[in-house]
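Just so you know, we're using my numbering here: the sequence shown kicks off at 97 and counts up by one.
Glycine is no exception: its CB is placed at the ideal position from the N, C-alpha and C atoms.
Since the model is a prediction, treat every value here as computed from it, not as a measurement.
Here's the structure, in structure tokens; my notes come after.
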Amino acid sequence: MAITLDNPVKRKLAEGGAALGLAVHIVRSAEIARIAKAQGYDFLFLEVQHGLFTLETLGHLAQAALAIGIAPMVRVRGVHDQDVQALLDNGMTGIIYPDVNTAAEAKQAVRTVRFAPLGRRSVTGAYPFFDYRSLPPGEALPAIDAATLLVCMIEAREGVANIEEIAAVPGIDVIYVGLNDLLIDMGRPGQYADPELLAAVARVQDACRRHGRYFGMGGNRDPRAQAAAIRQGSQFMSTQTDIGMLSAGAGAWMRGIREALAADPSD
């Protein structure tokens, strides 16, 4: 009987649903995985590109997430990040590559993340996905490959211009538009309704349909805008950061106290 591994994000995507993640920038403890799972998130979007995490901390977070059935995914520094192999071997079930602009960069991502024949990922002795049991490589490696999500982000006009060639690269699961960096590259920061941006998003989405890739986009933190994006076909999204949620929750609580103090006690 073939070995299978469950990745809740890949399962949700295959079912036609939208996989939603919590971006983790500052929290270092494993409790964030339990909180995210309890609130209905499908994955942790662990932020290495903009955050300061040690490899050891990332490994602990990944294994905590695996243990409770939420997918640990990490946005790395780029297609030449030397830590990707170690991250995959120690529990990550998804790699998110920022700012992929050419087919050559997409192919480099595939070479790093996928086992042969698509890639050149190195093989180690035991994996946390199997509780470090020794299993036949011919069974274990295909199961790991099938459960590993590879995401390429489009964040510049160059990537949009090359999207057909990028989307055609075998081994990519998701193409994810980073709205904020793309808008900055266009010289229109924060203009989410800009016609040039909307045309670029549509172009990427069309390429995803043609080449059998899942489409996602993120960066606009308005829940109504996120719901609209999902209705329009976005299946992969980081909804908010831990910083944003802590700030919003703390702010709402303090406003509630101040409003209660300001209210007439006789009311």
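Residue i classed as buried or exposed, judged by whether at least 16 other C-beta atoms fall within 10 angstroms
{"i": "Y228", "result": "exposed"}
{"i": "R217", "result": "buried"}
{"i": "E355", "result": "exposed"}
{"i": "Q322", "result": "buried"}
{"i": "T337", "result": "buried"}
{"i": "G273", "result": "Here residue 273 is Val; the residue named in the question, Gly, does not match the sequence. Classification for V273: buried."}
{"i": "M350", "result": "exposed"}
{"i": "Q287", "result": "exposed"}
{"i": "E152", "result": "exposed"}
{"i": "D175", "result": "For the sequence presented, residue 175 should be read as Val rather than Asp. V175 should be labelled buried."}
{"i": "V300", "result": "buried"}
Length of the line joining the Cα atoms of residue i and residue j
{"i": "I164", "j": "A126", "result": "11 Å"}
{"i": "K106", "j": "T208", "result": "19 Å"}
{"i": "Q145", "j": "D179", "result": "12 Å"}
{"i": "T335", "j": "G112", "result": "18 Å"}
{"i": "A236", "j": "P224", "result": "12 Å"}
{"i": "A200", "j": "I353", "result": "55 Å"}
{"i": "R130", "j": "T198", "result": "37 Å"}
{"i": "L109", "j": "N103", "result": "10 Å"}
{"i": "L142", "j": "S362", "result": "49 Å"}
{"i": "L293", "j": "L278", "result": "8 Å"}
{"i": "D195", "j": "V247", "result": "11 Å"}
{"i": "I369", "j": "G221", "result": "Outside the shown range of the chain (97 to 363) lies residue 369, about which nothing can therefore be said."}
{"i": "I240", "j": "A324", "result": "33 Å"}
{"i": "S230", "j": "I128", "result": "30 Å"}
{"i": "Q331", "j": "A115", "result": "6 Å"}
{"i": "G234", "j": "A182", "result": "21 Å"}
{"i": "P213", "j": "Q204", "result": "14 Å"}
Which residues DSSP lists as bridging residue i, in chain order
{"i": "G312", "result": "Y272, F332"}
{"i": "A115", "result": "F332"}
{"i": "P168", "result": "L140"}
{"i": "I250", "result": "V273"}
{"i": "V73", "result": "As shown, the chain starts at 97 and ends at 363. That puts residue 73 outside it, with no answer to give."}
Minimum C-alpha distance to residue i - residue among the options
{"i": "L184", "options": "H176, R210, Q204", "result": "R210"}
{"i": "I99", "options": "R320, S343, P232, P291", "result": "P232"}
{"i": "T244", "options": "M188, A303, Q159", "result": "M188"}
{"i": "Y137", "options": "L294, R327, V175, I166", "result": "I166"}
{"i": "P266", "options": "G215, L294, V256", "result": "G215"}
{"i": "Q308", "options": "A295, R317, I262", "result": "Reading off the sequence shown, one finds Gly at residue 308, where the question assumed Gln. Considering only alpha carbons, the answer is I262."}
{"i": "H156", "options": "F332, I240, V123", "result": "V123"}
{"i": "A303", "options": "V256, L101, R351", "result": "V256"}
{"i": "M249", "options": "D318, F311, R327, T150", "result": "F311"}
{"i": "M169", "options": "H176, V175, A158", "result": "A158"}
{"i": "V297", "options": "R317, P285, A252", "result": "A252"}
{"i": "H121", "options": "L154, Q135, M333, G174", "result": "L154"}
{"i": "A161", "options": "A359, A132, L101", "result": "A132"}
{"i": "M341", "options": "R317, A289, R305", "result": "R317"}
{"i": "R305", "options": "D290, G117, I259, A348", "result": "I259"}
Limits of the alpha helix (DSSP H) - the one that residue i falls within
{"i": "R130", "result": "127–134"}
{"i": "M341", "result": "338–358"}
{"i": "V105", "result": "104–110"}
{"i": "V300", "result": "291–307"}
{"i": "L237", "result": "233–243"}
{"i": "Q181", "result": "180–185"}
{"i": "V209", "result": "199–209"}
{"i": "R320", "result": "319–327"}
{"i": "A263", "result": "259–263"}
Terminal residues of the beta strand (DSSP E) in which residue i lies
{"i": "I192", "result": "190–193"}
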